[in-house]
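Residue numbers (the numbering used here), protein chains in the order written: chain E, 727 to 837; chain C, -17 to 94. We put the CB at the ideal spot given by N, CA and C, even for glycine. None of these values were measured; they are calculated from a predicted model. Below: one structure, written as structure tokens.
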Amino acid sequence: GESVGLHLPTLSVQEGDNSIINCAYSNSASDYFIWYKQESGKGPQFIIDIRSNMDKRQGQRVTVLLNKTVKHLSLQIAATQPGDSAVYFCAENTGGFKTIFGAGTRLFVKA
Amino acid sequence: DTAVSQTPKYLVTQMGNDKSIKCEQNLGHDTMYWYKQDSKKFLKIMFSYNNKELIINETVPNRFSPKSPDKAHLNLHINSLELGDSAVYFCASSQVDGETQYFGPGTRLLVL
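So, in structure tokens, the structure goes:
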């Protein structure tokens, strides 16, 4: 069946450290992947995306890595700040209208 | 200006009642979605509309009926509310199907 991500784990990091959030997907036909950030009381917000013809994409303080061989996606956040505390979702799409979201990872940033 | 808006933000109601949630997007997007997020933060798509036409209808009870009066609006009507309907409902839109989605602030539904 279709599944993306892990059951909601929690990651706790010290302010200033780098964070790595991992995600596994099962549909090898997925060709577009997105990371969303959801702060408390708000809707998910786009962070960064990557297509299957790439294995790395960088944004401002964030990097997404895609390993299609093992169907693994990761989000790296450099110099993590308190404002980065949120739930992070990976999502996959196979080119249609349906995007499948992973279970999410809660990131705590300790000051 | 708010890109994707939902009303109401909070909805507390009794079992058996009928309620509606409204969603509007001013981004000019063609595709709109409804998601349900449970207490464990799991996000599951319910419906997807493209240019006012229903594209995706996941295994959602018939008590849930989406309506899209125009491309900018996608409302969700729920009949005979049940305890298990308690969740946060998110509306979203995207310019192209399957691409980056913009989410509304959510409607927190509590069925008593």
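Grouping DSSP H, G and I as helix and E and B as strand, with all else coil, what is residue i?
{"i": "D67/C", "result": "helix"}
{"i": "P808/E", "result": "helix"}
{"i": "K824/E", "result": "coil"}
{"i": "Q77/C", "result": "coil"}
{"i": "K18/C", "result": "strand"}
{"i": "H55/C", "result": "strand"}
{"i": "Q784/E", "result": "strand"}
{"i": "L833/E", "result": "strand"}
{"i": "N8/C", "result": "coil"}
{"i": "M28/C", "result": "strand"}
{"i": "S754/E", "result": "coil"}
{"i": "Q(-4)/C", "result": "coil"}
{"i": "L734/E", "result": "coil"}
{"i": "E818/E", "result": "strand"}
{"i": "N748/E", "result": "strand"}
{"i": "G727/E", "result": "Any answer about G727/E is weak, because its pLDDT of 36 lies below 50 and its placement is not dependable; what the coordinates show is given next. Coil, per DSSP."}
{"i": "P107/C", "result": "Since the first and last residues shown for chain C are -17 and 94, residue 107/C lies out of range."}
{"i": "N33/C", "result": "coil"}
{"i": "N793/E", "result": "strand"}
{"i": "K49/C", "result": "strand"}
{"i": "Q83/C", "result": "coil"}
{"i": "S2/C", "result": "strand"}
Using the beta-carbon count (16 or more within 10 Å), is residue i buried or exposed?
{"i": "S745/E", "result": "buried"}
{"i": "L94/C", "result": "exposed"}
{"i": "A805/E", "result": "exposed"}
{"i": "S2/C", "result": "exposed"}
{"i": "D781/E", "result": "exposed"}
{"i": "P(-10)/C", "result": "exposed"}
{"i": "S738/E", "result": "exposed"}
{"i": "M14/C", "result": "buried"}
{"i": "V813/E", "result": "buried"}
{"i": "Q7/C", "result": "buried"}
Beta strand (DSSP E) containing residue i: first to last residue?
{"i": "Y762/E", "result": "Y758 to Q764"}
{"i": "R777/E", "result": "Q771 to R777"}
{"i": "H798/E", "result": "H798 to I803"}
{"i": "R90/C", "result": "T89 to V93"}
{"i": "E40/C", "result": "Careful: E40/C lies outside any beta strand (DSSP E) and carries neither H nor E."}
Quick check: what's the CA-CA separation for residue i versus residue j?
{"i": "V835/E", "j": "S766/E", "result": "14 Å"}
{"i": "N819/E", "j": "Q740/E", "result": "33 Å"}
{"i": "T825/E", "j": "T(-5)/C", "result": "30 Å"}
{"i": "V792/E", "j": "D743/E", "result": "Reading off the sequence shown, one finds Leu at residue 792/E, where the question assumed Val. Going from the Cα of L792/E to the Cα of D743/E covers about 22 Å."}
{"i": "W16/C", "j": "Q807/E", "result": "31 Å"}
{"i": "E728/E", "j": "N753/E", "result": "Legend: pLDDT at E728/E = 41, less than 50; position of this residue unreliable, value from coordinates given subsequently. Spanning the two alpha carbons is a distance of roughly 6 Å."}
{"i": "Q786/E", "j": "K763/E", "result": "14 Å"}
{"i": "F72/C", "j": "S21/C", "result": "13 Å"}
{"i": "Q771/E", "j": "T736/E", "result": "19 Å"}
{"i": "K23/C", "j": "A829/E", "result": "7 Å"}
{"i": "D757/E", "j": "K18/C", "result": "24 Å"}
Is residue j closer than 7 Å to residue i when the C-beta atoms are compared?
{"i": "G66/C", "j": "C5/C", "result": "no"}
{"i": "V70/C", "j": "R45/C", "result": "no"}
{"i": "D12/C", "j": "N32/C", "result": "yes"}
{"i": "N61/C", "j": "D0/C", "result": "yes"}
{"i": "S75/C", "j": "L9/C", "result": "yes"}
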